[in-house]
Amino acid sequence: MNKSFISITCAVSCSFLWGTAFIAQDTGMDYIGPWTFSAARLILGFFALLPFFFIFEFKKIKEKKFSYNIVLIYLVLLGFFLSGGFALQQYSLLYTDVANSAIFTIFYVLIVPAISYFLFSKKIHWSVWPSVLICLIGGFLLTEINNV
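Just so we're aligned, residue 1394 is where the sequence shown starts under the working numbering, counting upward by one.
Written out as structure tokens, the structure is:
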């Protein structure tokens, strides 16, 4: 199979799942609170991804000489910021609708290449930055500007 076909399929599938997750988030808020929903979703995600970690990544990590204390500190910080951002976005659904809350998810499109560039010194292809700008403008236009 063609690599570009696989990458497009993965991107479209991810967008579909991510977009439909907002409906589940909003509906879930009718029955449980934002912190419970966030905790349940993050725990479910952890256990869903754990087998993939052991299948694809564990061997690579064992081969490299890492300081496990440093890796643990990075994992705790990353988990804290990721879960904190998700929980606060979930909490925002109490005060606004899905369209306005989703604008914060669109900022991930900006954050990922910025972190890759500044923290990991990864060279970012020139086509990423216009794409990020178009995504931010499109996300802003999808929100309900009059209800902000």
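Note that beta-carbon positions come from the ideal geometry of N, C-alpha and C, so glycine has one too. Please read all numbers here as calculations on a predicted model, not as lab measurements.
| query | Taking the alpha-carbon positions, what's the Ser1431 to Phe1497 distance? | reply | The count along the sequence shown starts at 1 and reaches residue 1431 at position 38. The count along the sequence shown starts at 1 and reaches residue 1497 at position 104. Cα to Cα, the separation comes out at about 16 Å.
| query | Counting Cβ pairs closer than 8 Å, one from the segment 1529–1538 and one from the segment 1499–1517, do we hit at least three? | reply | Output reads yes: the segment 1499–1517 touches the segment 1529–1538.
| said: In the DSSP assignment, the alpha helix (DSSP H) including Leu1437 goes from what residue to what residue? | reply: In the sequence shown, residue 1437 corresponds to position 44, counting from 1. Per DSSP, Leu1437 belongs to the alpha helix (DSSP H) from 1427–1445.
| Through-space distance from Phe1439 to Ile1448, alpha-carbon basis | By one-based count along the sequence shown, residue 1448 stands at place 55. By one-based count along the sequence shown, residue 1439 stands at place 46. Answer to the nearest angstrom: the Cα atoms are 14 Å apart.
| field | Status (buried if at least 16 other CB within 10 Å, exposed otherwise) for Gln1417 | value | Taking the sequence shown and counting its residues from 1, the one referred to as residue 1417 is at position 24. The sequence given here places Ala at residue 1417; Gln does not occur at that position. With fewer than 16 other CB atoms across the displayed protein chains lying within 10 angstroms of its CB, Ala1417 is exposed.
| said: Using the Cβ count rule (16 or more neighbours within 10 Å means buried), how would you classify Ser1514? | reply: Here the question's residue 1514 lines up with position 121 in the sequence shown. Flag for Ser1514 reads exposed.
| Nearest residue (CA-CA) to Gly1477, options Phe1459, Ala1492, Leu1442, Arg1434 | The residue given as residue 1477 occupies position 84 in the sequence shown. Nearest option by C-alpha distance: Arg1434.
| For Leu1487, the first and last residue of its enclosing alpha helix (DSSP H) | Position 94 of the sequence shown, counted from the first residue, corresponds to residue 1487. Judged by DSSP secondary structure, Leu1487 falls outside any alpha helix (DSSP H); it is assigned neither H nor E.
| field | Option in Lys1453, Ile1436, Cys1528, Ile1425 with minimal Cα separation from Ile1504 | value | For this step, residue 1504 is matched to residue 111 along the sequence shown. Scanning Lys1453, Ile1436, Cys1528, Ile1425 for the CA closest to the CA of Ile1504 turns up Cys1528.
| message | Tell me the rounded alpha-carbon separation between Val1491 and Asp1419. | response | Counted from its first residue, the sequence shown places residue 1491 at position 98. Counted from its first residue, the sequence shown places residue 1419 at position 26. C-alpha separation (whole angstroms): 7 Å.
| said: Mapping the DSSP letters down to three states, classify Leu1512 as helix, strand or coil. | reply: Taking the first residue of the sequence shown as 1, we reach residue 1512 at position 119. Looking at Leu1512 - three-state DSSP - the assignment turns out to be coil, as it is neither helix nor strand.
| field | Classification of Leu1486 by the beta-carbon crowding that lies within 10 angstroms, buried from 16 upward | value | As a position in the sequence shown, residue 1486 is number 93, starting the count at 1. By the neighbour-count criterion, in which a residue is buried when 16 or more other Cβ atoms sit within 10 angstroms of its Cβ, Leu1486 is buried.
| request: Would you kindly check if the distance between the Cβ of Gln1483 and the Cβ of Pro1444 is under 9 Å? | output: Position 51 of the sequence shown, counted from the first residue, corresponds to residue 1444. Position 90 of the sequence shown, counted from the first residue, corresponds to residue 1483. Contact flag unset, no.
| query | How many Å lie between Phe1468 and Met1394 at the Cα? | reply | Locating residue 1468 in the sequence shown gives position 75, counting from the first residue. Locating residue 1394 in the sequence shown gives position 1, counting from the first residue. As written in the sequence, residue 1468 is Leu, which differs from the Phe given in the question. So the alpha carbons of these two residues sit roughly 34 Å apart.
| message | Rounded to the nearest angstrom, what separates Asn1493 and Phe1415 at their Cα positions? | response | One-based indexing of the sequence shown puts residue 1493 at position 100. One-based indexing of the sequence shown puts residue 1415 at position 22. About 11 Å.
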